[in-house]
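Taking our numbering, the leading residue of the sequence shown gets 91, the next gets one more, and so forth.
Where a beta carbon is used, it is the ideal one built from N, C-alpha and C, also for glycine.
It should be emphasised that the depicted structure is a prediction, and the values quoted were computed from it without experimental measurement.
A short write-up of the structure that comes next.
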Amino acid sequence: MADPPQLADSPTDWIDETFAAQWPASLALRQSTAAQRIAKLRRFADALIARRSAWYEAFAQDFSKPPAEVESTELLPVIEEVRHAVNHLRRWMKPVRVRATWLTLGTHSRIEAQPRGRCLILGPWNYPVNTVLCPLVSAIAAGNTVMVKPSELTPAVSRLVGELIAEVFSPDEVVVVPGGVRTAQHLLGLPFDHIFFTGSPAVGKLVMKAAADHLSSVTLELGGQSPVIVDETADLQKAAEVVMWGKLINLGQSCVAPDHVFVHRSVRVAFVRACAEVVRARFGHSGADQQASPDLARIINLRHTGRIAQLVSQAEQAGATMALGSPVDHERRFIPPTLLTDLPASAEILDEEIFGPVLPIIDYDSLDEVIARINAKPKPLALYIWSRREAITRRLVDETSSGGVCVNHCMLHYVHGGLPFGGVNNSGMGSSHGHFGFKAFSHERAVLRAGWTLPARFMFPPYTPFKSRLVQGLVEVLRRL
Ligand code: NAD
Numbered sequence: 091m092a093d094p095p096q097l098a099d100s101p102t103d104w105i106d107e108t109f110a111a112q113w114p115a116s117l118a119l120r121q122s123t124a125a126q127r128i129a130k131l132r133r134f135a136d137a138l139i140a141r142r143s144a145w146y147e148a149f150a151q152d153f154s155k156p157p158a159e160v161e162s163t164e165l166l167p168v169i170e171e172v173r174h175a176v177n178h179l180r181r182w183m184k185p186v187r188v189r190a191t192w193l194t195l196g197t198h199s200r201i202e203a204q205p206r207g208r209c210l211i212l213g214p215w216n217y218p219v220n221t222v223l224c225p226l227v228s229a230i231a232a233g234n235t236v237m238v239k240p241s242e243l244t245p246a247v248s249r250l251v252g253e254l255i256a257e258v259f260s261p262d263e264v265v266v267v268p269g270g271v272r273t274a275q276h277l278l279g280l281p282f283d284h285i286f287f288t289g290s291p292a293v294g295k296l297v298m299k300a301a302a303d304h305l306s307s308v309t310l311e312l313g314g315q316s317p318v319i320v321d322e323t324a325d326l327q328k329a330a331e332v333v334m335w336g337k338l339i340n341l342g343q344s345c346v347a348p349d350h351v352f353v354h355r356s357v358r359v360a361f362v363r364a365c366a367e368v369v370r371a372r373f374g375h376s377g378a379d380q381q382a383s384p385d386l387a388r389i390i391n392l393r394h395t396g397r398i399a400q401l402v403s404q405a406e407q408a409g410a411t412m413a414l415g416s417p418v419d420h421e422r423r424f425i426p427p428t429l430l431t432d433l434p435a436s437a438e439i440l441d442e443e444i445f446g447p448v449l450p451i452i453d454y455d456s457l458d459e460v461i462a463r464i465n466a467k468p469k470p471l472a473l474y475i476w477s478r479r480e481a482i483t484r485r486l487v488d489e490t491s492s493g494g495v496c497v498n499h500c501m502l503h504y505v506h507g508g509l510p511f512g513g514v515n516n517s518g519m520g521s522s523h524g525h526f527g528f529k530a531f532s533h534e535r536a537v538l539r540a541g542w543t544l545p546a547r548f549m550f551p552p553y554t555p556f557k558s559r560l561v562q563g564l565v566e567v568l569r570r571l
């Protein structure tokens, strides 16, 4: 099973012309109404769902993603994003009145959400529909023009994203720009008003550097290691069921996948047994059964298959135990579900985002040790806590940092439209989904109208002794209020 051929780069003069053509369209969109934006979102959702079987086929070609996962992790989040935006857009677009302060008595102020203008969305390969179309929904809801560059590593899906967009939008409003790194680099040289990037922290840094040349604002949805903590009071069966679901959906290639587990030493054996039983019950006992299961996707390419296999064999050589696992089929890009225990600190697998179906399980004795290990690493995208004790949960939430947290579940915060989704520092910057996505693609503009009087007039020159005393007096009064 060879890697799918990557998408060819787009001609740079076509990119430049399209970018120029989006300028007048972006100015016109500043006047667009909620009704017009909602109509576009509805047409877009209909066209997305009309291609259902084509999505299944494209995902099967790119990395054998099971249709049920195409539904639950690609189409469902986009439809939910549309539904949420359609239901709330009128309220989001409404200017927010702000009361006058002491210094601005007599004025009338409001905050108006203005479209940012021309936006760029750059997407990764692991959720090639969801990660570009969810931000697209927010960008359209906020009234922007958009150039979308999906991943070159999922050519069939990215081509279909292009067809969908071409059916619903004119290219001066939303356009898909196929291509790889060279196309992304060319796009990053253009003065976009906002760049929404989803991908690795390493490329996120390059995006932010390129954005600095034009002072384009950025939203960075990045990755990293999302740890799980299972304490001695946790419901081990439920934890195993949910953690193994989170680890194996998309064959572990999820930004919010549980990366590794810290489990209290007293329940480690029971937890590992429960995880292994869940895998066998869902996908079969042997490696061959698991490979034959229609419910496990494939690794995106040979390079990543080799990278993950190498992490596992390096861990074993360093002394780790494979509590569950079977040989890797490199040619078919299949890594079987794997549980590793007894990991020495020198195991490289503990230092990077695994992005595959391998779960390192690390024993702990004291929570201090877990908190110190989490805080010693870059801030994760998500943190998952399994405990029945509120004091433990509270400590872990208060004493660590991460983009988001789920208690007694995994990844569910991602689909809650009312919550901000995003990372912090190394795992990202800014947030998306629902109102937060709308705000990412909007400029919150302060609009103040002068009324009957303004204390500011007492600050105009010439600075007479009287005015100086008045301002001094004002400072003293405000200090005491
Ligand atoms: P990536 O950073 O390699 O690529 C993402 C995009 O950047 C692609 O469109 C690619 O063409 C482009 N790109 C790659 N190299 C570039 C360069 N040198 N200059 C400019 N553009 C470049 O990421 P990936 O491998 O496609 O995706 C996996 C990563 O994405 C993981 O780290 C994962 O955690 C993260 N991710 C994050 C989220 C989230 O919501 N936070 C969601 C999905 C994936």
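*Identify which residue in K130, F352, H375 has its Cα closest to the Cα of P317.*
Start at 1 with the first residue of the sequence shown, and residue 317 comes out as number 227. When each option's Cα is compared against that of P317, the closest is F352.
*Among all the DSSP beta bridges, which residues are the ones paired with E534?*
Here residue 534 is taken as the residue at index 444 of the sequence shown, counted from 1. Per DSSP, A203.
*Which value, in whole angstroms, describes the spacing of the CA atoms of G313 and S290?*
Looking up residue 313 in the sequence shown gives position 223. Looking up residue 290 in the sequence shown gives position 200. Looking at the two C-alpha atoms, the distance is approximately 6 Å.
*Quick one: Cα of G269 to Cα of S491, how far?*
Against the sequence shown, residue 269 aligns to sequence position 179. Against the sequence shown, residue 491 aligns to sequence position 401. Per the coordinates, the alpha-carbon of G269 lies some 35 Å from the alpha-carbon of S491.
*asked:* At the level of alpha carbons, what is the spacing between D432 and E147?
replied: Sequence index remark: in the sequence shown, residue 432 carries index 342 (1-based). Sequence index remark: in the sequence shown, residue 147 carries index 57 (1-based). Approximately 41 Å, taken between the alpha carbons.
*What residues are listed by DSSP as bridge partners for P317?*
Indexing the sequence shown from 1 puts residue 317 at position 227. Its beta-bridge partners are H350.
*Going by beta carbon distance, what residues of the same chain come within less than 8 Å of A516, once the five residues before and after it are set aside?*
Mapped onto the sequence shown, residue 516 falls at position 426. Before going on, a small fix: residue 516 reads as Asn here, not Ala. Closer than 8 Å at Cβ, skipping near neighbours: P291, L312, G314, P468, K469.
_Cβ-heavy atom distance, Q562 to the ligand NAD, below 8 Å_ = By 1-based counting over the sequence shown, the position of residue 562 is 472. Answer for Q562: no, Cβ out of range of the ligand NAD.
*Tell me whether H174 sits in a helix, a strand or coil according to DSSP, three-state version.*
Start at 1 with the first residue of the sequence shown, and residue 174 comes out as number 84. Three-state DSSP puts H174 in a helix.
*Between the C-alpha atoms of N498 and R141, what's the straight-line distance to the nearest angstrom?*
As a first step, residue 498 must be located in the sequence shown, where it is residue number 408. As a first step, residue 141 must be located in the sequence shown, where it is residue number 51. Using only the alpha carbons, I get a separation of about 36 Å.
*Taking Cβ to Cβ, would you say S65 is nearer than 9 Å to H523?*
Residue coverage of the chain in this structure runs from 91 to 571, which leaves residue 65 outside it and unanswerable.
*Do the CB positions of L210 and H284 come within less than 9 Å of each other?*
For this step, residue 210 is matched to residue 120 along the sequence shown. For this step, residue 284 is matched to residue 194 along the sequence shown. Contact flag set, yes.
*Between the region 125-142 and the region 258-265, are three or more C-beta pairs nearer than 8 Å?*
With a cut-off of 8 Å, the region 258-265 and the region 125-142 count as touching, because enough Cβ pairs lie within range.
*Report the residue from E107, A124, P426 whose alpha carbon sits nearest the alpha carbon of I230.*
The residue given as residue 230 occupies position 140 in the sequence shown. Ranking the options by Cα distance to I230, first place goes to A124.
*With 16 as the cutoff for other CB atoms within 10 Å, does L538 come out buried or exposed?*
Sequence index remark: in the sequence shown, residue 538 carries index 448 (1-based). With fewer than 16 other Cβ atoms within 10 Å, it is exposed.
_Run of the alpha helix (DSSP H) containing M298, from where it starts to where it stops_ = Working through the sequence shown from its first residue, we reach residue 298 at position 208. First-last of the alpha helix (DSSP H) with M298: 291-304.
_A360 versus F149: straight-line alpha-carbon distance, rounded_ = As a position in the sequence shown, residue 360 is number 270, starting the count at 1. As a position in the sequence shown, residue 149 is number 59, starting the count at 1. When rounded, the distance between both Cα atoms is 36 Å.
*Could you spell out where the beta strand (DSSP E) holding A472 opens and where it closes?*
Locating residue 472 in the sequence shown gives position 382, counting from the first residue. Its beta strand (DSSP E) spans residues 472-476.
_Span separating the alpha-carbon of L449 from that of P348_ = Residue numbering aside, residue 449 sits at position 359 when the sequence shown is read from its first letter. Residue numbering aside, residue 348 sits at position 258 when the sequence shown is read from its first letter. In a straight line, the C-alpha of L449 is about 8 Å away from that of P348.
*Give a single yes or no on whether F352 has its beta carbon closer than 8 Å to a heavy atom of the ligand NAD.*
The count along the sequence shown starts at 1 and reaches residue 352 at position 262. Not so, every heavy atom of the ligand NAD lies at least 8 Å from the Cβ.
_Check: E443 C-beta below 8 Å from any heavy atom of the ligand NAD_ = By one-based count along the sequence shown, residue 443 stands at place 353. Correct: E443 has its Cβ closer than 8 Å to the ligand NAD.
*asked:* Taking its Cβ as the centre, do 16 or more other Cβ atoms sit within 10 Å of P114, making it buried, or is it exposed?
replied: Position 24 of the sequence shown, counting from 1, holds the residue named residue 114. Result: exposed.
_When you measure from the CB of V346 to every non-hydrogen atom of the ligand NAD, does any distance come out below 8 Å?_
Residue numbering aside, residue 346 sits at position 256 when the sequence shown is read from its first letter. Yes.
*Can you give me the Cβ contacts of Q380 inside the same chain, cut-off strictly under 6 Å, excluding the 5 residues immediately before and after it?*
Working through the sequence shown from its first residue, we reach residue 380 at position 290. Excluding its 5 nearest sequence neighbours in each direction, Q380 has C-beta neighbours in its own chain below 6 Å: F373, G374, P426, listed in chain order.
*What does DSSP give as the partner residues of P450 in its beta bridges?*
Looking up residue 450 in the sequence shown gives position 360. In the DSSP output, where bridge partners are listed per residue, P450 has L430.
*Kindly indicate which residue of L560, A274, A111, G294 has the alpha-carbon position closest to the one of D262.*
The residue you call residue 262 lines up with position 172 of the sequence shown. Among L560, A274, A111, G294, the Cα nearest to that of D262 belongs to A111.
*With hydrogens ignored, establish whether the beta-carbon of F287 is closer than 8 Å to any heavy atom of the ligand NAD.*
Here the question's residue 287 lines up with position 197 in the sequence shown. The nearest non-hydrogen atom of the ligand NAD is less than 8 Å from the C-beta of F287.
*Could you tell me which residues DSSP pairs with F424 in its beta bridges?*
Taking the first residue of the sequence shown as 1, we reach residue 424 at position 334. D419, per the DSSP bridge assignment.
_My output table needs one value for L243: the three-state DSSP class, helix, strand or coil._
Residue numbering aside, residue 243 sits at position 153 when the sequence shown is read from its first letter. Coil at L243, not helix or strand.
*Using 10 angstroms around the beta-carbon of K328, count the other beta-carbons present and answer buried if the total reaches 16, otherwise exposed.*
Position 238 of the sequence shown, counted from the first residue, corresponds to residue 328. Classification of K328: exposed, given that the 10 Å Cβ count is below 16.
*Please classify N391: does DSSP put it in a helix, a strand, or coil?*
Taking the sequence shown and counting its residues from 1, the one referred to as residue 391 is at position 301. Coil.
*Give the C-beta separation of V495 and L473 to the nearest angstrom, bearing in mind that I take them to be a contact with Cβ-Cβ under 8 Å.*
Residue numbering aside, residue 495 sits at position 405 when the sequence shown is read from its first letter. Residue numbering aside, residue 473 sits at position 383 when the sequence shown is read from its first letter. Right, the Cβ-Cβ distance comes to about 5 Å (below 8 Å), so this counts as a contact.
*Buried or exposed (CB count within 10 angstroms, at least 16 for buried), R535*: Taking the sequence shown and counting its residues from 1, the one referred to as residue 535 is at position 445. Exposed: under 16 other Cβ atoms inside 10 Å.
_Just to check my reading of the structure: S416 and G446 have Cβ atoms closer than 8 Å, yes? What is that Cβ distance to the nearest angstrom?_
Position 326 of the sequence shown, counting from 1, holds the residue named residue 416. Position 356 of the sequence shown, counting from 1, holds the residue named residue 446. Not quite, the Cβ-Cβ distance comes to about 14 Å (not below 8 Å), so this is no contact.
*V267 to P240 span [Cα, whole Å]*: As a first step, residue 267 must be located in the sequence shown, where it is residue number 177. As a first step, residue 240 must be located in the sequence shown, where it is residue number 150. About 8 Å.
*Report the three-state DSSP secondary structure of C365 (helix, strand or coil).*
Position 275 of the sequence shown holds residue 365. If DSSP states are grouped into helix, strand and coil, C365 belongs with the helices.
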